[in-house]
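Heads up, the sequence shown is in the numbering used here, so the first residue is 463 and it goes up one at a time. Each residue gets a CB set at the ideal place from its N, CA and C atoms; glycine is no exception. Since this is a predicted model, take the numbers as computed values, not measurements.
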Amino acid sequence: MATMSSVGIGTNGLDVQSIVSQLVALEKKPLETLKLKAATTQAKITTMGQIKSLVDTLNTAVSKLTSVTGWNSVATSSSASDYVTATAIGGTQSTSFAVEVQQLATARATASQSLTAGSFVGEGTLTFTVNGQSVDVAVSATDTLSDVASAINGSAAGVTATIMKDASGERLLLSSKETGAAKAFSLTVNDIDGDNADNNGLSRLLNGATQTQAAQDAQATINGIAVTSGTNTFENVVSGVTLTVKKVTTSAATVSVTKDVSAMKSNIEAFVKAYNDVNGVLNEATKYDQGTQVGGLFQGDSTIIALQSALRTALQTVNTSGGPGAAYTTLSSVGITVAAPVIGSTSVTGGGTLEIDSTKLTAALANPDAMKALFSSTDAGSAQGIAVKIKSVTSALLANSGFFQRKDDALERELDSNEEQQTAVNDKASRVEEQLNRKYSALDLQMTQLNSLSTYLTQQIAQWNKSSS
Numbered sequence: 463m464a465t466m467s468s469v470g471i472g473t474n475g476l477d478v479q480s481i482v483s484q485l486v487a488l489e490k491k492p493l494e495t496l497k498l499k500a501a502t503t504q505a506k507i508t509t510m511g512q513i514k515s516l517v518d519t520l521n522t523a524v525s526k527l528t529s530v531t532g533w534n535s536v537a538t539s540s541s542a543s544d545y546v547t548a549t550a551i552g553g554t555q556s557t558s559f560a561v562e563v564q565q566l567a568t569a570r571a572t573a574s575q576s577l578t579a580g581s582f583v584g585e586g587t588l589t590f591t592v593n594g595q596s597v598d599v600a601v602s603a604t605d606t607l608s609d610v611a612s613a614i615n616g617s618a619a620g621v622t623a624t625i626m627k628d629a630s631g632e633r634l635l636l637s638s639k640e641t642g643a644a645k646a647f648s649l650t651v652n653d654i655d656g657d658n659a660d661n662n663g664l665s666r667l668l669n670g671a672t673q674t675q676a677a678q679d680a681q682a683t684i685n686g687i688a689v690t691s692g693t694n695t696f697e698n699v700v701s702g703v704t705l706t707v708k709k710v711t712t713s714a715a716t717v718s719v720t721k722d723v724s725a726m727k728s729n730i731e732a733f734v735k736a737y738n739d740v741n742g743v744l745n746e747a748t749k750y751d752q753g754t755q756v757g758g759l760f761q762g763d764s765t766i767i768a769l770q771s772a773l774r775t776a777l778q779t780v781n782t783s784g785g786p787g788a789a790y791t792t793l794s795s796v797g798i799t800v801a802a803p804v805i806g807s808t809s810v811t812g813g814g815t816l817e818i819d820s821t822k823l824t825a826a827l828a829n830p831d832a833m834k835a836l837f838s839s840t841d842a843g844s845a846q847g848i849a850v851k852i853k854s855v856t857s858a859l860l861a862n863s864g865f866f867q868r869k870d871d872a873l874e875r876e877l878d879s880n881e882e883q884q885t886a887v888n889d890k891a892s893r894v895e896e897q898l899n900r901k902y903s904a905l906d907l908q909m910t911q912l913n914s915l916s917t918y919l920t921q922q923i924a925q926w927n928k929s930s931s
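Right, here's the structure in full:
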């Protein structure tokens, strides 16, 4: 009789571990799809972060075009900038005027007589008076000239003190902190010995002192009219203009204030670049290549397509704020046009990109008021400025409860759900693996017992055959 054998479980040659691992691998097969979806979702989250950042940049750019100051930029120039410079606030009327500088503003400076280096100055009180306000500085019997300087600098006397060393010893140099006649300081000494007129003790700092520079105001003429300032800066002597004088002039310097067309143009160029950056990423994210049959991350995503459509619609605004016959009513009227998409054999690329005709834009900027109305008019309906409409869109997108926050929340929920599904698949695979191992172990035990019985029966049959013969 043939020996009974198992199907190779355990010691019979069947690779149970391989069988179980392959069956478990089949259970985990859905993980491949889930991990691919998770990677795609994570890529979408990253791309949305990039789009949000670019929209934020666009929002900043259009904010400058909606701001009145953005269109009121002015530039200043001086025919003698080594002598006179100027700045002006936005909105200052264009003007030109002649400036002559007769005198610069200076601060009072005084030097004490020379004292032996490191010697004690003497006890008492120094009183500094600036513009009617007095401050006392106490000096002790063991203070050196350096100690006195430190005490003055640490006070609110409006005076700075330094030490100068020369061949004869040390001197205390005093200077008003601010220029101008009104900021000049006066100094009185109250010597501990009660004699403030002698050349002993603390009174030595005043007696024998030399004024090295007088305090004076700056003096200038603007178109022949005399003006003064306690500093070397003249603010609003000409409305909106700040002049800074540096040297006494030998002839008049011409200062001009003009509209800063270059700043306006830079703001428009920044807006165009910011818009194109957003549009480029959106085009890439929503494209579909028929040749490779591969779509962008957000190909067919209605929310992203709606975002792109909202921005493009705002660009197509026809602004009527200037009324019938207005100089500029559309972007194209000032040299900004929307490029058509490039149609290839298998795909469509580009589209919606803004292009600037620099010559036409420069010519349009010669009429800044009309440009300002085109971009920044806050009138309702069709009279609303293009930049105002775009800012309305971008601000809503960036709001705490806006599009980007909602989209990000949805993608994060999708990622969390995917993680839960992966956990569920792994848990199920673990249970299947445990069940298979348990079943094969039980089967192995049964087959081992059957093999033992088969061996016993074979032996008995052989014995019977011997006995019968």
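Test item: CB-CB of residue i and residue j under 7 angstroms
i, j, result
"Val621", "Phe647", "yes"
"Val700", "Val689", "no"
"Thr538", "Gly552", "no"
"Leu577", "Glu640", "no"
"Tyr545", "Lys645", "no"
"Val536", "Thr522", "no"
"Ala849", "Ser857", "no"
"Gln897", "Leu493", "no"
"Val597", "Ala613", "no"
"Phe590", "Leu668", "no"
"Ala682", "Ser638", "no"
"Ala567", "Thr693", "yes"
"Ala548", "Leu769", "no"
"Asn880", "Leu836", "no"
Closest Cα partner of residue i within the set the options
i, options, result
"Thr503", "Arg875, Asp889, Gly663", "Arg875"
"Asn741", "Lys497, Leu520, Ala826", "Leu520"
"Thr606", "Asp655, Ser914, Leu664", "Leu664"
"Gly762", "Ala747, Thr624, Gly797", "Ala747"
"Ser483", "Glu895, Ala789, Tyr902, Phe837", "Glu895"
"Gln678", "Gln564, Asp598, Asp518", "Gln564"
"Asn662", "Thr706, Thr754, Phe582", "Phe582"
"Val723", "Gln752, Leu823, Tyr790", "Leu823"
"Lys834", "Asn862, Thr604, Ala789, Ala842", "Ala789"
Buried versus exposed call for residue i [16 or more other C-beta atoms within 10 Å across all chains shown]
i, result
"Glu562", "buried"
"Thr775", "exposed"
"Ile923", "exposed"
"Ser600", "According to the sequence displayed, residue 600 carries Ala and not Ser. So Ala600 ends up on the exposed side."
"Leu915", "exposed"
"Ile852", "buried"
"Leu912", "exposed"
"Gln925", "exposed"
"Ala629", "exposed"
"Tyr918", "exposed"
"Arg666", "buried"
"Met510", "buried"
"Asp477", "exposed"
"Ala891", "buried"
"Asn927", "exposed"
"Ser691", "buried"
"Ser807", "Any reading at Ser807 is ruled out, since the residue's pLDDT is 48, under 50, leaving its predicted position unreliable."
"Val934", "This structure cannot settle anything about residue 934, because the visible part of the chain is limited to 463 through 931."
Contacts around residue i, its chain only, beta-carbon distance under 6 angstroms, and the 5 residues preceding and following it disregarded
i, result
"Ser541", "Ala715, Thr716"
"Asn652", "Gly586, Thr587"
"Ala573", "Arg633, Leu635, Thr672, Thr674"
"Gly702", "Ala550, Ile551, Thr554"
"Phe865", "Leu859"
"Thr711", "Tyr545, Glu562, Val563"
"Ala772", "Val855"
"Leu496", "Asn880, Gln883, Gln884"
7 angstroms CB neighbourhood of residue i in its chain, flanking five on each side removed
i, result
"Pro830", "Trp533, Lys721, Met726"
"Gly686", "none"
"Ala505", "Leu759"
"Gly580", "Thr606"
"Ile481", "none"
"Asn729", "Lys526, Leu527, Gly532"
"Val734", "Ile798, Leu816, Ile818"
For residue i: DSSP bridge partner residues
i, result
"Phe733", "In the DSSP output, where bridge partners are listed per residue, Phe733 has none listed."
"Val651", "Leu588"
"Met452", "In the structure as shown, the chain starts at 463 and stops at 931, and residue 452 therefore has no counterpart that could be examined."
"Ala548", "Leu705"
"Ile818", "Ile798"
"Ile614", "BP columns for Ile614 are empty, so no partner."
"Phe865", "Beta-bridge pairing links Phe865 to no other residue."
"Thr572", "Leu636, Gln673"
"Thr606", "Phe582"
"Lys721", "Val536"
"Phe696", "Leu705"
"Ile848", "Bridge partners of Ile848: none, in fact."
Same chain only: Cβ atoms within 8 angstroms of residue i, ignoring 5 sequence neighbours per side
i, result
"Ala801", "Gly812, Gly813, Gly814, Thr815, Leu816, Glu817"
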